Amino acid sequence: MTTESGSTSEEIDWRSDASSSEMSRRDRLEELYQQTIYEPAVVAWSDSRTRLGISILSVYLLMALVEILGLWRNPSTSQADRLLTPFQNMQYPLGTTQSGVDLLALIIDSTPFILLMVLAGGVWATGIAVVVGTVSGYKGGVIDTVITSFSDFFMAIPGLPLVIILALTFSPENPIFLGMILTINYWAGLGRSIRSQVLSIREASYVEASRAMGTSTPRIILKDVLPNIMPYVMVNFVFAARYTIFASVGLYLIGVLPYTGQNWGVTLNNAYNNGGLITMQAFHWLLVPIVAIVGLAFGLILVSQGMDRIFNPRVRTRLTGESESVETESDTSSTGMM
Amino acid sequence: MNYYLKRTARIPATILAVVTLTFGLIRLLPGGPFTQLRIELIRQGVPVEQVNARIEALQNIRPDAPLYVQYFDYLAGVAQLDLGRSISLDQPVIEVIARALPWTVFIVVVSTVLMFVGGVLLGAIQAYWEGSRFDKTFSGVSILLTSIPYYIFAVVFVFFLAFQYRLFPTGDAFARGLDATLNLEYILSVLHHAALPILAFTIGGIGSTALNMRGNSIQVLGEEYVEVARLRGLSDSRIATRYVAKNAILPMYTGLLLMIGFRLGGTVVLEEIFSYPGLGYYLISGVEANDYPLMMGCFLVITTTLVVAVYIADLTYGLIDPRISVGDSNDY
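Top to bottom, those sequences are chains A and B. Under my numbering, the first residue of the first sequence is numbered 1, with each subsequent residue one higher. Under my numbering, the first residue of the second sequence is numbered 339, with each subsequent residue one higher.
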C-alpha cells in the first residue's frame, strides 16, 4: 500500500520482464507445445483404447477426405448390378442396394455431413452446459435459481418428440443446424450435473484462497473451476456427440427428418423399407450403415475412455516428473499476484 | 417439508409452460395447422362456409379469434382434458391417448427397471473382481454395447426373430381378437408382444449402467470408511450392501432421472419399429397424416408423463439420500 512497497514490486516485475524477454519466447512456445500437445499425446497413446479409438476415428476422417477430394465415385442408381453382397465384386467392396447403388460410395458420400453434424451437436450441447453449469453453480443466489428453473423446464421436455416437431417446423437440412436442433435440450441435464460438481469445487480450499485474494469471478471460473471439470466435460462431449448421431439416424430411420439426399440414416431407412428387413439377400444393405454408425460411436467412446488418462493428474505427473509441479506452482503464484 | 411443497408446486407450472409451448408450436408450424386443416376438410368435401365451424369443433380453437383468446380457449380445453379430435382417426384425441399411454409406460418402466438392476449387478461384480478376466471381457462388451443404439437391436430383432424365424409378432400390443380382460391368455399375449421391444430397450442401456456402477464402486471401495468397516470386522455382506452398493448407486440414481427422459423420448423410434401402439407410435402417425391435434396431444402427454415420472423419482431420491431433503437448492 505504501509507495515503497509499490516500487519494490515494480522493480521485481521489471526485472523478471527483462529476463524473460531475452530468453524465453521460443522456450515458452516450446514449453507450451510440450505441455499441451506432446505430453498429452504420449499419455493418450500409451493407452490401447485410445490407440484403437484414434485409429477408428482416422478412418472416418479419411473417408471424409476421400469425399471432399472426390477420390471415390459418387453414388448413383444403376451404377452396378442390383443387390451385390459385400466382397462379391471387388469393384463394389461393400455391395450394392436394390437399385444398384454402390454402398461404399453411399457411406463415403455422407461422411462429411455426419461428422459436421456430430461435431456441431457435441460442441453446442456441451458448450451451453458448461456456461450454464459453471455460472449457476458458482454464482448461486438469484442467478442460480433462474438458470436452474429454466433448465428444469427444458429437462421436462422429452428430446426426440420435441426434435420431431421442430424438424417439421424448420426442416433443418444444414448439418450444423441439424446438430443443434437434435441437441436442443441436451444441455439442460448436463448443465445440472456440471452445476453440482461446481458446487463442491467452489468450496475447495484453493478456490476459497483465490476468492480471499480478490481474484475476479470469471478468472476463478476459468483458472480454478474449469480445469477441474474438464475431464467430465470431455467425456460428456463424447456422449453428446454419440447422442447426436443416434438421434439423427433414429429419426431418419422412421422417416421424420427431411431428406437432403443420402446419408447413413436415409440408407438405413431405405433398406428397412425396401426389403432389407424381409430377405437375407438384402441384409447387407441394412448392415453396412449400421456398421458405419456403430463404428463411429465406438471410436468416440474409446477415445473418451482413454482421455481420462490425459486429464488424470496422477498419471501425468508420473510421466513428467518433479520439475513440472515446481513450474506450475510458480506459475499459479505469479497469476495470483497479478 | 418445504422442499416437497416447492417441488409439488412446480408440476403445474411446468405443465402450463409445456402447454404454452405446444400452443406456440402449433402456431409456428409451416403453413399453420389451419391451412392444413382447411385443405384437408375441403378435400373431404366440406362446404367452404362450414370449414371454420368444423375447425373449431376439431381443435377447440376459433380460427378468427384474436391470439390471446385462442390461447385461453386452448388452455381451458386442455384443463378439461379435451385435446381436440384426431383428423386421421376421427376419434377424440384423449381417447386415443388413454389407450396408448399404458403401453408406453409399461415398456419404459419394465425395461428401465431391468436395465438398472442388471447394470448395477454386473457393474458391482466387475468392480469386486476388478482386473479379472470377467471384468476385462465385460468392460469391453459394455463399451461395445454403449456404441450401439437401441433401435439397431430393435431392427435386428425384428429381422431375425420376427420375420425370419417368426418367433415373435411384428405389431400390436396383444393378439387380435382377445378381450382385454385379465386372464392368463391375455397376459401371455401381452408379454409375447412386449418381449422384443423391452429386450431391445434394455440391452442398449445395460452397458452404460454397468460401466457407471463399476466406476463408482471402485471409487467407493478405495474410500477410508470401507477400510474402517473392514477393520471393525463387519461382515462382507454388510459392507457390500450398506457401504459400497448404497454409496455407489446414489450418484446413478440422479442420472436415472435424466435417463427416464431420454427413454420416454426414445419410445418414439422403438414403437414405430415394432408397430407397438403406444404414445410414440401415435405421435408419428399424427406427423405422417398431418394430424396436428393427435400429434400435439401425444407430445403433451409424453411430456406430462415425464414431468410426473421425474417428480416421483425426485421424491424417492429424498427418501434414499437424507442430505437432499434439506433442500435441493442449497442457496449459496
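In this text, a Cβ means the ideal position worked out from N, Cα and C, and glycines have one as well. Since the model is a prediction, treat every value here as computed from it, not as a measurement.
In terms of residues, what are the limits of the alpha helix (DSSP H) holding residue i?
i: Val-582/B; result: Here Val-582/B belongs to no alpha helix (DSSP H), and DSSP marks it neither H nor E.
i: Asp-152/A; result: 141–155
i: Gln-464/B; result: 431–466
i: Asn-185/A; result: Neither: Asn-185/A is in no alpha helix (DSSP H) and is coded neither H nor E.
i: Trp-264/A; result: 264–273
i: Asn-554/B; result: 522–559
i: Asp-473/B; result: 471–484
i: Gly-250/A; result: 226–253
i: Ile-68/A; result: 48–69
i: Arg-211/A; result: 205–212
i: Phe-495/B; result: 488–495
i: Thr-217/A; result: 217–220
With a threshold of 8 Å between beta-carbons, can residue i be considered close to chain A, or not?
i: Pro-487/B; result: yes
i: Val-434/B; result: no
i: Glu-468/B; result: no
i: Ile-490/B; result: yes
i: Val-607/B; result: yes
i: Val-493/B; result: yes
i: Glu-310/B; result: Outside the displayed range of chain B (339 to 670) lies residue 310/B, so it cannot be described from this structure.
i: Ile-536/B; result: no
i: Ala-672/B; result: There is simply no residue 672/B to check, as chain B begins at 339 and stops at 670 in what is shown.
i: Leu-343/B; result: no
i: Val-479/B; result: no
i: Ile-587/B; result: no
i: Ala-679/B; result: This structure leaves residue 679/B out entirely; chain B is present only between 339 and 670.
i: Val-558/B; result: no
i: Ile-425/B; result: no
i: Ile-604/B; result: Correcting the residue identity first, residue 604/B is Gly in this sequence and not Ile. Yes, Gly-604/B lies at the interface with chain A (some Cβ there is under 8 Å from its Cβ).
i: Val-690/B; result: Chain B is shown only over 339 to 670; residue 690/B falls outside these bounds and no answer can be derived.
i: Thr-475/B; result: no
i: Thr-547/B; result: no
i: Ile-650/B; result: no
Using the Cα positions of residue i and residue j, report the straight-line distance between them to the nearest angstrom.
i: Leu-104/A; j: Phe-498/B; result: 25 Å
i: Phe-444/B; j: Ile-544/B; result: 18 Å
i: Gly-469/B; j: Arg-242/A; result: 27 Å
i: Ile-114/A; j: Ala-247/A; result: 12 Å
i: Ala-212/A; j: Pro-218/A; result: 15 Å
i: Leu-657/B; j: Tyr-138/A; result: 27 Å
i: Asp-420/B; j: Pro-430/B; result: 8 Å
i: Ser-210/A; j: Leu-199/A; result: 16 Å
i: Asp-411/B; j: Asp-652/B; result: 33 Å
i: Glu-322/A; j: Thr-484/B; result: Note that Glu-322/A has pLDDT 39, beneath the 50 cutoff, so the model's placement of it is unreliable and the number below is only indicative. If you take the alpha carbons of Glu-322/A and Thr-484/B, they lie about 38 Å apart.
i: Arg-381/B; j: Asn-185/A; result: 38 Å
i: Gly-159/A; j: Glu-30/A; result: 45 Å
i: Asn-554/B; j: Asp-428/B; result: 52 Å
i: Ile-650/B; j: Asn-390/B; result: 42 Å
i: Ala-64/A; j: Ser-58/A; result: 10 Å
i: Thr-96/A; j: Ala-271/A; result: 11 Å
i: Ala-533/B; j: Thr-111/A; result: 35 Å
i: Phe-491/B; j: His-531/B; result: 16 Å
i: Phe-150/A; j: Trp-187/A; result: 11 Å
i: Ile-164/A; j: Leu-178/A; result: 11 Å
Using a Cβ-Cβ cut-off of 8 Å, state whether residue i counts as contacting chain B.
i: Ala-105/A; result: no
i: Gly-250/A; result: yes
i: Thr-244/A; result: no
i: Asn-169/A; result: According to the sequence shown, residue 169/A is Thr rather than Asn. Interface residue, yes.
i: Ile-164/A; result: yes
i: Val-256/A; result: yes
i: Gly-6/A; result: Annotation note: pLDDT 44 at Gly-6/A (below 50); position unreliable, coordinate value reported separately. No - not a single Cβ of chain B is within 8 Å of the one on Gly-6/A.
i: Pro-161/A; result: yes
i: Tyr-272/A; result: yes
i: Pro-40/A; result: no
i: Pro-158/A; result: yes
i: Gly-133/A; result: no
i: Met-180/A; result: no
Should residue i be listed as close to the ligand PLP, given that the test is whether its C-beta is under 7 Å from any heavy atom?
i: Ile-544/B; result: You won't find the ligand PLP in this model; it holds no ligand whatsoever.
* Asked: Would you say the stretch 234–241 of chain A touches the stretch 122–141 of chain A, given that touching needs at least three Cβ pairs under 8 Å?
  -> yes
* To do: Decide if the stretch 164–180 of chain A is in contact with the stretch 258–276 of chain A; the criterion is three or more beta carbon pairs, one per stretch, under 8 Å apart.
  => yes
* Asked: Between the stretch 512–519 of chain B and the stretch 567–580 of chain B, are three or more C-beta pairs nearer than 8 Å?
  -> no
* Asked: Is there contact between the stretch 594–607 of chain B and the stretch 140–148 of chain A, where contact requires at least three CB pairs shorter than 8 Å?
  -> no
* Decide if the stretch 289–301 of chain A is in contact with the stretch 36–43 of chain A; the criterion is three or more beta carbon pairs, one per stretch, under 8 Å apart. => no
* **Inter-stretch contact (C-beta, 8 Å, three-pair minimum) for the stretch 356–366 of chain B and the stretch 630–641 of chain B** => yes
* To do: Could you tell me whether the stretch 443–462 of chain B touches the stretch 534–551 of chain B, using the rule of 3 or more Cβ pairs below 8 Å?
  => yes
* Asked: How do the stretch 70–89 of chain A and the stretch 282–295 of chain A stand: do at least 3 beta-carbon pairs fall below 8 Å, yes or no?
  -> yes
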